[in-house]
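See below for the structure under consideration.
Numbering (my numbering), first residue to last: 2 to 86.
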């Protein structure tokens, strides 16, 4: 089975993920519990709730011990996120 394009394993508890991924599906796939995961359509929307603005690449947002590092973003949208825990 070919891995989904939106999701790539980098190492143990270390993944590169599209910011358009559904947080509920992502949490299920990674075995994580994200606060309010059912309230957002995209990982980007979830992260914007905590950042309150479009974070620049390299910015890390930590939510309940899970580190979300912005890998790619434009001034308008988050594109790709590294997730580590």
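Note that beta-carbon positions come from the ideal geometry of N, C-alpha and C, so glycine has one too.
Check	Outcome
Round the Cβ separation of residue 105 and residue 24 to the nearest angstrom and send it over; I've been treating them as touching at under 8 Å.	With the chain covering only 2 through 86, there is no way to say anything about residue 105.
Report the residue ranges of all beta strand (DSSP E) runs contained in full by the region 8-61; include only those spanning at least 3 residues, in chain order.	8-12 and 15-19
Residue 82 and residue 28 look like a contact to me (Cβ under 8 Å); what is the Cβ gap, rounded to whole Å?	Going by Cβ atoms, the distance from residue 82 to residue 28 rounds to 13 Å, so no, they are not a contact pair.
In or out: residue 40 buried (at least 16 other Cβ within 10 Å) or exposed?	exposed
Is it the case that the Cβ atoms of residue 17 and residue 72 are separated by a distance below 8 Å?	yes
Going by other Cβ atoms of all chains shown within 10 Å of its Cβ, with 16 needed for buried, is residue 12 buried or exposed?	exposed
When the Cα of residue 36 is compared with those of 80, 65, 69 and 45, which residue comes out closest?	65
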